[in-house]
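Down below is the structure, laid out as structure tokens.
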Amino acid sequence: MLRTIAAAGVMLVMATAGVLAQQKGAAPNATPNWQAPPRYATANLRAGFEPDPHQVQVEAGGDREATGIGPDCAGWIDFSKPDVDLNYTAGEYPLYISVVAGVDTTLVINDAAGRWICNDDFDGVNPGIIIQRPASGNYNIWIGTFERGAPQRATLRISEVPPARR
């Protein structure tokens with residue numbers, strides 16, 4: 446009888462530990478892998494860069510929802526790696542990161558301080574983020590699609606000049 450109770454106690458502890466381990470293991474998968482090499486490009490830019498805007502052609506979209514990453518995050522991205530990494534040396538200018546596409550796209554950025562910044566529909570269905578006082582460092586950028594589906598062509602624009610809005 447004592448062995449049965451002890452065995453049941455051990456099983457309960459093991460089951461609880463398994464649930465806790467699963468919960469702890471879930472955290473890294475809750476956000477995109479910002480440490481992976483980017484899918485399309487690494488942009489090394491310093492304040493005053495030319496040409497401005499710096500543009501990168503990408504295919505937006507992915508198989509995971511961005512809604513749980515941070516405030517204002519929406520759409521579908523590929524969690525396995527960023528689309529673009531920006532290594533930025535800041536100066537006196539704001540940083541404007543935007544997307545131009547023929548479909549509704551979204552923008553997810555892990556900034557130099559490790560904060561998640563997102564936007565959808567800054568200019569019509571095109572997303573954009575303004576960082577007034579950007580820090581020097583690495584910015585990981587994902588371009589998503591608002592609707593799940595096939596990847597869509599898009600252009601990432603990085604600028605220090607305010608974008609012309611429609």
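Heads up: the sequence shown begins at 446 in the numbering used here, then just goes up one per residue. Don't be surprised by glycine CBs; every beta carbon is placed ideally from N, CA and C.
The straight-line gap separating the alpha-carbon atoms of residue 518 and residue 499 is approximately 24 angstroms. Here the alpha carbon of residue 480 sits roughly 29 angstroms from the alpha carbon of residue 608. Collapsing the DSSP output to three states places residue 475 in coil. The residue among 595, 477, 483 with its C-alpha nearest the C-alpha of residue 532 is 483. Of the candidates 577, 506, 604, 561, the residue whose Cα lies closest to the Cα of residue 550 is 506. By alpha-carbon distance to residue 515, the top candidate from 604, 565, 603 is 565.
Taking 3 residues as the shortest admissible run, the stretch 559-600 contains the following complete beta strand (DSSP E) segments, listed from N- to C-terminal end: 561-565, 573-576, 582-590. The beta carbons of residue 520 and residue 589 sit closer together than 8 angstroms. Residue 529 places its beta carbon less than 8 angstroms from that of residue 601. Per the coordinates, the alpha-carbon of residue 524 lies some 13 angstroms from the alpha-carbon of residue 552. Residue 571 is positioned such that its CB atom lies closer than 8 angstroms to that of residue 544. Note that the C-beta distance between residue 497 and residue 581 is not below 8 angstroms. For residue 484, no beta strand (DSSP E) run applies, since DSSP gives it neither H nor E. Between the alpha carbons of residue 579 and residue 585 lies a distance of about 14 angstroms.
For residue 554, the uninterrupted beta strand (DSSP E) run begins and ends at 550-555, by DSSP. Between the C-alpha atoms of residue 563 and residue 574 there is a straight-line separation of about 7 angstroms.
Cα atoms of residue 576 and residue 542: separation of roughly 8 angstroms, rounded to the nearest angstrom.
Judged by beta-carbon spacing, residue 502 lies beyond the 8 angstroms limit of residue 546, meaning their Cβ atoms are not closer than that value.
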